[in-house]
Amino acid sequence: MTNFKTLATAAALISLPSLAFAQDAPGFDEIGPYIMTTLLFCMAGFLVFFMAAGFAMLEGGLVRSKNVTMQMTKNIALFSIAAIMYWLVGFNTMYPGDFNGYFAIGGQTVLDPVGVAAADAALDYASVGSDFFFQLVFVAATASIVSGALAERIKLWPFLIFVIVLTGFMYPISGSWQWGGGWLSEAGFSDFAGSTVVHSVGGWAALAGAIVLGPRLGKYKDGKVNPMPGSNLALATLGTFILWLGWFGFNGGSQLAMGTVGDVSDVSRIFANTNMAAAAGAVTALILSNVMYKKPDLTMVLNGALAGLVSITAEPLAPTLFGALWIGAVGGIIVVLTVPMLDKFKIDDVVGAIPVHLFAGIWGTIAVIFYGDASLMTQLTGIVAYGVFTFVASLIVWFILKATMGIRVSEEDEINGLDTSELGMEAYPEFAKG
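By our numbering, the letter at position 207 of the sequence shown is numbered 230, and the numbering carries on one by one without gaps.
Shown next, in the form of structure tokens:
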């Protein structure tokens, strides 16, 4: 018994320093929000990163077989370029801290030290690495929008140079106006996850490029629109489902916090509303395309789902499920009506990116007034500001590239396909060209 008491006393004495240390260490109430929000950014970032695969599959399925390899090359290259440019200058341009509210050029992103101590961490938010990664995958999505619209006739290297300018400078500068605490944020403009900041910006850049580049050969002839069916609608459908999945991270992660019961509940609410809007957009496009064309159009249904997602992105938290349903449904209507409208103006958008991301993005930004505190005038001000800046800047860059190195392949190369003319390899070498 004596030996037992002696051992117990010794163990207690040995444990006293560690107990004292534990009492001095911050508790979970202090570090929990930092840990959980960092985890949210990492998980949501993984999902949004996977959207890069979704864009690649969607575009690969909607272009003709002779151009599939080019789309795969563009998509992996643009994500990689976006990652480098956002590290080099983009992140600290978009989130510059104190600045004039309109323009700032930041420097390289520096991560937290290895094994950073709680005393040195930003416990009121999240790790620098998680925040940087989460914001990075958004800018890559913006560049992917441009890729699909300009498919089948644009040269690889001029496109990638445009991506450098877009991801390193244009997107971060305009993004700072809202998410970096700039003038639109101060004015009360509201865009929760980027219907305008991300999607409309990509749409405006794509529209400028499509105008400068011109339509594909044979697309518009003798006053008629000649359909150019994609190579693999199964692949396009897979891409749409991947994008749908990734959107849960896109919108859910934009809660920007997961340290309280309310935050976690809000993230789940965002998931539910995001899903409802996508479903409503798809069903609406299914019905409306059947009414207009006598048969359902799968490509319209796919883009209807994406338009529903873009529409709810500006405010996925506040609406009820019914609110998300009707907002997404209007997005589906917009796609079905504006795809043929672009054809009337002879603006050739191969995958329907401009109707989905620009037009539905504008609608989603306006729809915020039904569930938030933002005014219609403030929302329209933001829409116009992003539109004018991105469209004009993109036009300038596209015209410079056209004058200096050319942006469009030759007629012969376009007829043969960009896979062989630009890359010297085919996605489906055992099949005849489509």
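We put the beta carbon where it would ideally sit given N, CA and C, even for glycine.
| Asked | Found |
| --- | --- |
| Cβ-based neighbour list, Ala100, same chain, cut-off 7 Å, excluding 5 preceding and 5 following | Leu183 |
| DSSP state of Lys425 mapped onto helix, strand, coil | helix |
| Three-state secondary structure assigned by DSSP to Val248 | strand |
| For Tyr409, the three-state DSSP class (helix, strand or coil) | helix |
| Sub-8 Å separation of Met66 and Gly282 beta-carbons | no |
| Beta-bridge partners of Arg431, as assigned by DSSP | Ile177 |
| Reduced DSSP category for Tyr243 - H, G, I as helix; E, B as strand; rest coil | strand |
| Spatial distance of Thr263 from Met80 (CA atoms) | 8 Å |
| Status (buried if at least 16 other CB within 10 Å, exposed otherwise) for Phe44 | Low confidence applies here, because Phe44 scores a pLDDT of 43, under 50, leaving its location unreliable; read the following figure in that light. Classification for Phe44: exposed. |
| Expected contact under 8 Å - CB spacing of Val374 and Ala163 to nearest Å | Contact flag wrong, Cβ pair sits at about 17 Å. |
| Buried or exposed (CB count within 10 angstroms, at least 16 for buried), Lys97 | buried |
| Backbone CA spacing between Asn296 and Val71 [nearest angstrom] | 17 Å |
| Lys89 burial status per 10 Å Cβ neighbour count (16 or more: buried) | buried |
| Whole-Å CB distance - Ile389 paired with Ala233, under 8 Å assumed | With a Cβ gap of about 23 Å, Ile389 and Ala233 do not count as contacting. |
| Per-residue DSSP class, three states only, for Ser254 | coil |
| Nearest residue (CA-CA) to Thr92, options Ala174, Asp396 and Gly113 | Ala174 |
| Three-pair Cβ contact test at 8 Å for the region 347-354 versus the region 179-193 | no |
| Cβ shell of Asp147 (< 8 Å), same chain only, five flanking positions each side left out | Pro56 and Tyr57 |
| Burial state of Pro363 (16 or more Cβ within 10 Å) | exposed |
| Span of the alpha helix (DSSP H) around Ser312 | Val284 to Tyr316 |
| Other residues of its chain near Arg292: CB distance less than 7 Å, five sequence neighbours each side excluded | Leu340 |
| Member of Trp386, Pro181 and Leu256 whose CA lies at the smallest distance from the CA of Gly405 | Trp386 |
| Backbone CA spacing between His222 and Ile168 [nearest angstrom] | 8 Å |
| CA nearest to the CA of Val415, picked from Val224, Gly113 and Ala376 | Val224 |
| Exposure label - Leu441; buried when at least 16 CB within 10 Å | buried |
| Distance between Leu446 and Glu435 (C-alpha atoms, nearest Å) | 15 Å |
| Contact belief for Ser208 with Tyr118 at Cβ below 8 Å, rounded distance in angstroms | Contact flag wrong, Cβ pair sits at about 12 Å. |
| Residues near Ala231 in its chain [Cβ-Cβ closer than 7 Å; skip 5 each side] | Phe414, Ser417, Leu418 and Trp421 |
| Where Gln278 sits in the DSSP three-state scheme | helix |
| Assumed close pair Ala305, Gly327 - CB separation to whole angstroms, cut-off 8 Å | 5 Å |
| Buried/exposed call for Ser38, threshold 16 Cβ in 10 Å | Per-residue confidence for Ser38 stands at a pLDDT of 47, beneath the threshold of 50, marking its modelled position as unreliable; no derived number is given. |
| Lys318 burial status per 10 Å Cβ neighbour count (16 or more: buried) | exposed |
| Sequence-distant residues of its chain with Cβ nearer than 6 Å to Leu85 (five each side left out) | Gly253, Ala259 and Val374 |
| Nearest-angstrom Cβ-Cβ length linking Leu266 and Met74, presumed shorter than 8 Å | 5 Å |
| Presumed contact (8 Å Cβ cut-off) between Thr165 and Leu134, rounded CB distance | Contact flag wrong, Cβ pair sits at about 23 Å. |
| Collapsed DSSP secondary structure at Glu338 in the structure displayed | coil |
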